[in-house]
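Just add 17 to wherever you are in the sequence shown, counting from 1, and you've got this note's numbering.
Glycine residues also receive a C-beta, built at the ideal position from the N, C-alpha and C atoms.
The structure appears right after this line, and notes come after that.
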Amino acid sequence: MSMRRTFLIGFVVLLALLPQLPVPEFWITQANYIGLYTLVVIGLVLLTGVAGLTSFGQAAFVGLGAYTAAYLTLTHGVSPWLTVWIGLVFTGLAALVLGWITLRMSGHYLPLATIAWGLSLYYLLGNIDALGKYDGLLGVPALSFFGTELKTGRSFFYLLWALVVLASIAATNLLDSRAGRALRAVKGGTTMAEAMGVNTYRTKVTAFVLAALLASISGWLFAHFQRTVNPSPFGLKMGIEYLFMAVIGGVGHVWGALMGAAVVKILEDQLQVWLPKLLGGSGNYEIIVFGILLVLVLQYARDGIWAFIEARLPRVQRQVDWHDAPALPERPRPSHGAVVLDVLAVRKEFGGLVAVNDVSFQVRAGEILGLIGPNGAGKSTTFNLVTGVLPATRGLVTLLGERIDSLPSREIARRGVSRTFQHVKMIAGMTVLENVALGAHLRGSRGVASALLRLDRAEERQLLKEAEQQLRRIGMEGSMHELAGNLALGPQRLMEIARALCADPTLLLLDEPAAGLRLKEKQGLADVLRQLRGEGLSILLVEHDMDLVMGLVDRIVVMEFGTLLIEGTPEEVQASPAVRAAYLGTEH
Ligand code: ADP
Ligand code: MG
Numbered sequence: 018m019s020m021r022r023t024f025l026i027g028f029v030v031l032l033a034l035l036p037q038l039p040v041p042e043f044w045i046t047q048a049n050y051i052g053l054y055t056l057v058v059i060g061l062v063l064l065t066g067v068a069g070l071t072s073f074g075q076a077a078f079v080g081l082g083a084y085t086a087a088y089l090t091l092t093h094g095v096s097p098w099l100t101v102w103i104g105l106v107f108t109g110l111a112a113l114v115l116g117w118i119t120l121r122m123s124g125h126y127l128p129l130a131t132i133a134w135g136l137s138l139y140y141l142l143g144n145i146d147a148l149g150k151y152d153g154l155l156g157v158p159a160l161s162f163f164g165t166e167l168k169t170g171r172s173f174f175y176l177l178w179a180l181v182v183l184a185s186i187a188a189t190n191l192l193d194s195r196a197g198r199a200l201r202a203v204k205g206g207t208t209m210a211e212a213m214g215v216n217t218y219r220t221k222v223t224a225f226v227l228a229a230l231l232a233s234i235s236g237w238l239f240a241h242f243q244r245t246v247n248p249s250p251f252g253l254k255m256g257i258e259y260l261f262m263a264v265i266g267g268v269g270h271v272w273g274a275l276m277g278a279a280v281v282k283i284l285e286d287q288l289q290v291w292l293p294k295l296l297g298g299s300g301n302y303e304i305i306v307f308g309i310l311l312v313l314v315l316q317y318a319r320d321g322i323w324a325f326i327e328a329r330l331p332r333v334q335r336q337v338d339w340h341d342a343p344a345l346p347e348r349p350r351p352s353h354g355a356v357v358l359d360v361l362a363v364r365k366e367f368g369g370l371v372a373v374n375d376v377s378f379q380v381r382a383g384e385i386l387g388l389i390g391p392n393g394a395g396k397s398t399t400f401n402l403v404t405g406v407l408p409a410t411r412g413l414v415t416l417l418g419e420r421i422d423s424l425p426s427r428e429i430a431r432r433g434v435s436r437t438f439q440h441v442k443m444i445a446g447m448t449v450l451e452n453v454a455l456g457a458h459l460r461g462s463r464g465v466a467s468a469l470l471r472l473d474r475a476e477e478r479q480l481l482k483e484a485e486q487q488l489r490r491i492g493m494e495g496s497m498h499e500l501a502g503n504l505a506l507g508p509q510r511l512m513e514i515a516r517a518l519c520a521d522p523t524l525l526l527l528d529e530p531a532a533g534l535r536l537k538e539k540q541g542l543a544d545v546l547r548q549l550r551g552e553g554l555s556i557l558l559v560e561h562d563m564d565l566v567m568g569l570v571d572r573i574v575v576m577e578f579g580t581l582l583i584e585g586t587p588e589e590v591q592a593s594p595a596v597r598a599a600y601l602g603t604e605h
């Protein structure tokens, strides 16, 4: 049994025993609050830690769940087992609207919008007569579970922690899935994720709604645990505190959610007792200590307490269980020599700078076209125009006769264009295998719901098998379980190629794939590219290593200052005085 599973089982046993032990009631209450907070923070782990989106509004979602439960049971006598679902619908809709409006915009709109949302809900709750204004609603009934009233902290404990454990397992499942990889990929920019076919906007909205739903369940439990609701636990201060728990605990880890909730809750109580004794008076001193603590954590343990612990645990190696998975279907190959990519008078201006100046060229099935030119010639920009990362100022790009120049990146990827990046874009904290499997995103279809419930395993095995095969192809199967961030630059580039190949592309675009590679790796790369060409793939290659280019490509396009200088065979290009001048002028 793996170390982690032992850990989980030990934890569940401990949970089951705790209320049976003669511990003071205060401990149980404390543990219940920690459980309530953990549910919310698991959502923040997914949203902030994994997807990189900051929300200060989680407390308000908790409030929505809590008030829905309290109001409907008290005034309409609705069963709590129904109000939980109604609360989920309300919260889900609120999150959907908020996410739908703000997540389209980049940058700081979400944090700002969630602050506004947190503040307005707080004042709204505090001003509605039917909700008891700032006094709130009193006398919420206890939950009753199969005839047992969960009146005591000890009986409530089991229901609460069962839900916490379920949420943890579901979140862990999600992180280990196609949908989870997409979620991780949206952190730190959307270019790579979109190039892999991920709909980053939808992914972000989903994460936001999911986190809000967890908060809503916590609110429902909260209302029936405290038996009263008022606006103060759902204000902005608590919204910040939830985020604080996530950061302290380890924002990228499900266990970190529990750790953060526990540390902050226990510390807060202790500080509230001890600090006024030490310092006199009755200020909210714990806030100052928390501020200092946060600075220390960000300085010395950026990834939180859990990452610190995890680094000291033995690393588990993923079980390989996909060898007998059926191969993924492949797309039909165009016939040899057919025009795959047609770039027609494409232009890109950045303000006054013409980065790509009415450039035209074609790539045919089963050929490697080299794109060379000095730094700043416009090669990467041309890539970005073809792959939809940048919109062209004007011009036409077609793939197998279909116009693609106005399509978003992921739609171009879906049609069979796959690429690597001049500056490697990967998910450093994910294994090489998982990074490569991200490339096969469009060849799967299982979403968040099946991932949470683990109904995606058959497809997942197919995707991982494909990833392993592509890694094997470039000779990297030995590193598949390593963290991508631990690789040297050369292998990282090779990993990107394997990821691109996972998409089963018709056209492969490689932006300086050999930079940072050793001679042997370069030769290996050239062999792989020849083999791919033999299989009918078309490759557009930007490369500075002239030995590699000249020995590999069928034709070359030379660019200089955005303009196409010459197009021809390697021999023709080498003989061209214009090319020599361009290179003598700048590089060699
Ligand atoms: P290459 O890949 O051939 O080295 P690039 O395509 O990266 O060249 O750059 C071409 C020119 O366009 C350079 O002058 C570069 O500074 C400019 N450029 C590239 N991207 C941008 C951008 N996003 N905004 C403004 N200028 C850019
Ligand atoms: Mg470049």
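> Counting along the chain, where does the beta strand (DSSP E) carrying E577 start and finish?
Replying inline: As a first step, residue 577 is located in the sequence shown; it is residue number 560 there, counting from the start. That run of the beta strand (DSSP E) goes R572 to E577.
> For V453, which residues of its own chain have a beta-carbon under 7 Å away from its beta-carbon, when the five flanking residues on both sides are left out?
Replying inline: Walking along the sequence shown from the start, residue 453 turns up at place 436. If we look at V453 and ignore the five residues flanking it on each side, its Cβ neighbours are A484, Q487, L488, M512, A515, R516 and C519.
> Do D562 and R348 have their C-beta atoms closer together than 8 Å?
Replying inline: The count along the sequence shown starts at 1 and reaches residue 562 at position 545. The count along the sequence shown starts at 1 and reaches residue 348 at position 331. Result no, Cβ atoms of D562 and R348 do not sit closer than 8 Å.
> Can you tell me whether K482 is buried or exposed, with buried defined as 16 or more other CB within 10 angstroms of its CB?
Replying inline: As a working mapping, residue 482 is identified with position 465 in the sequence shown. Buried: at least 16 other Cβ atoms inside 10 Å.
>> Less than 7 Å separating the Cβ of Q439 from some heavy atom of the ligand MG?
In response: If you number the sequence shown from 1, residue 439 lands on position 422. Yes, Cβ of Q439 sits closer than 7 Å to a heavy atom of the ligand MG.
>> In the DSSP output, what is D528 paired with across the bridge?
In response: Taking the first residue of the sequence shown as position 1, residue 528 is located at position 511. Its beta-bridge partners are V559.
> Taking the alpha carbon of I145 as the point to measure from, which residue in A543, P248 and L231 has its own alpha carbon closest?
Replying inline: Your numbering for residue 145 matches position 128 in the sequence shown. Cα-wise, what sits closest to I145 is P248.
>> Alpha carbons only, please: which of F325, G252, R319 and E258 is nearest the one belonging to L141?
In response: Here residue 141 is taken as the residue at index 124 of the sequence shown, counted from 1. Measuring from the Cα of L141, the nearest candidate turns out to be G252.
> Between the beta-carbon of E494 and the beta-carbon of T448, is there less than 8 Å?
Replying inline: Here residue 494 corresponds to residue number 477 of the sequence shown, with the count starting at 1. Here residue 448 corresponds to residue number 431 of the sequence shown, with the count starting at 1. No, these two residues do not count as a Cβ contact at 8 Å.
>> Here's the rule I'm using: 16 or more other beta-carbon atoms within 10 Å means buried, otherwise exposed. How should N503 be labelled?
In response: Reading the sequence shown from its first residue, position 486 is the one you call residue 503. Under this definition N503 is an exposed residue.
> Closer than 7 Å: is that where the CB of T398 sits relative to any heavy atom of the ligand ADP?
Replying inline: Mapped onto the sequence shown, residue 398 falls at position 381. T398: yes, Cβ under 7 Å from the ligand ADP.
> Any heavy atom of the ligand ADP within a distance shorter than 7 Å of the CB on F251?
Replying inline: The residue you call residue 251 lines up with position 234 of the sequence shown. No, the Cβ of F251 stays beyond 7 Å of every heavy atom of the ligand ADP.
>> Could you tell me the alpha carbon to alpha carbon distance between L138 and A77, rounded to whole angstroms?
In response: Here residue 138 corresponds to residue number 121 of the sequence shown, with the count starting at 1. Here residue 77 corresponds to residue number 60 of the sequence shown, with the count starting at 1. C-alpha separation (whole angstroms): 6 Å.
> In the structure shown, what three-state DSSP assignment does A372 receive?
Replying inline: Within the sequence shown, numbered from 1, the residue matching residue 372 stands at position 355. Three-state result, A372: strand.
> Whose CA, out of I26, R597 and V157, lies closest to the CA of V95?
Replying inline: The residue you call residue 95 lines up with position 78 of the sequence shown. The shortest C-alpha separation from V95 is found at V157.
> Could you give the residue range of the alpha helix (DSSP H) that holds K365?
Replying inline: Start at 1 with the first residue of the sequence shown, and residue 365 comes out as number 348. It is not in any alpha helix (DSSP H) - K365 instead sits in the beta strand (DSSP E) that spans V356 to F367.
> Exposed or buried, what is Y317 when buried is set at 16 or more other beta-carbons lying within 10 Å of its beta-carbon?
Replying inline: Looking up residue 317 in the sequence shown gives position 300. Label assigned to Y317: exposed.
> Should W178 go down as buried or exposed, given a rule of 16 or more other Cβ atoms within 10 Å for buried?
Replying inline: Position 161 of the sequence shown, counting from 1, holds the residue named residue 178. Buried, because 16 or more other Cβ atoms sit within 10 Å of the Cβ of W178.
>> Below 8 Å on the Cβ atoms is my contact criterion, and I expect T2 with R510 to pass it. Report the Cβ-Cβ distance as a whole number of Å.
In response: The structure shown does not extend to residue 2, since the chain is modelled only from 18 to 605, so the question has no answer here.
> Helix, strand or coil: which one does DSSP assign to V246?
Replying inline: Translated into positions along the sequence shown, residue 246 becomes position 229. Strand at V246.
> Hey, is the stretch 72-88 in contact with the stretch 211-219, meaning 3+ C-beta pairs nearer than 8 Å?
Replying inline: no
>> Less than 6 Å between C-beta atoms, sequence neighbours within five positions excluded: which residues of the same chain meet that for G116?
In response: Translated into positions along the sequence shown, residue 116 becomes position 99. V222 and F225, listed in sequence order.
> Cβ of L569 within 8 Å of Cβ of I421?
Replying inline: Stepping through the sequence shown from its first residue, residue 569 is reached at position 552. Stepping through the sequence shown from its first residue, residue 421 is reached at position 404. No, the pair does not count as a contact, with Cβ atoms beyond the cut-off.
>> Helix, strand or coil for E347? Go by DSSP, reduced to three states.
In response: In the sequence shown, counting from the first residue as 1, residue 347 sits at position 330. Coil at E347, not helix or strand.
> In chain order, what residues of the same chain have a beta carbon less than 7 Å from the beta carbon of A48, not counting five sequence neighbours either side?
Replying inline: Along the sequence shown, read from residue 1 onward, the residue named residue 48 stands at position 31. Counting only Cβ-Cβ distances below 7 Å, and skipping sequence neighbours, we find L35 and F174.
>> I'd like the list of long-range same chain contacts for A342, defined as Cβ closer than 7 Å, with 5 residues on each side in sequence excluded.
In response: Here the question's residue 342 lines up with position 325 in the sequence shown. R478, Q479 and K482, listed in sequence order.
> Using 8 Å as the threshold, is the stretch 256-266 in touch with the stretch 28-44, meaning 3 or more CB pairs across them?
Replying inline: no
>> Buried or exposed for G135, going by 16 or more other Cβ atoms inside 10 Å?
In response: Taking the sequence shown and counting its residues from 1, the one referred to as residue 135 is at position 118. Its Cβ being crowded by 16 or more others within 10 Å, G135 is buried.
> First and last residue of the alpha helix (DSSP H) that includes G541?
Replying inline: Counting from 1 along the sequence shown, the entry for residue 541 is found at position 524. Segment L536 to G551, the alpha helix (DSSP H) holding G541.
> Between G104, A228 and L99, which lies nearest to G82 when the distance is taken from Cα to Cα?
Replying inline: By 1-based counting over the sequence shown, the position of residue 82 is 65. It is G104.
> Hey, out of L345, F378, G267 and S352, whose CA is closest to I326's CA?
Replying inline: Sequence index remark: in the sequence shown, residue 326 carries index 309 (1-based). For the residues L345, F378, G267 and S352, the minimum Cα distance to I326 belongs to G267.
>> Is N374 a contact residue of the ligand ADP, with contact defined as CB to any heavy atom under 7 Å?
In response: Within the sequence shown, numbered from 1, the residue matching residue 374 stands at position 357. The answer is no for N374.
>> Please tell me whether, using a cut-off of 7 Å, the distance from the CB of D562 to the nearest non-hydrogen atom of the ligand MG is below it.
In response: Within the sequence shown, residue 562 is the residue found at index 545, counting from 1. Incorrect: D562 has no Cβ contact closer than 7 Å to the ligand MG.
>> Within 10 Å of its beta-carbon, does A598 have 16 or more other beta-carbons around it, so buried, or fewer, so exposed?
In response: If you number the sequence shown from 1, residue 598 lands on position 581. So A598 ends up on the exposed side.
>> Could you give the first and the last residue of the continuous beta strand (DSSP E) run that contains S435?
In response: Indexing the sequence shown from 1 puts residue 435 at position 418. Element bounds for S435: V434 to R436.
> Are at least three pairs of beta-carbons, each pair with one atom in the stretch 399-409 and one in the stretch 424-441, less than 8 Å apart?
Replying inline: yes
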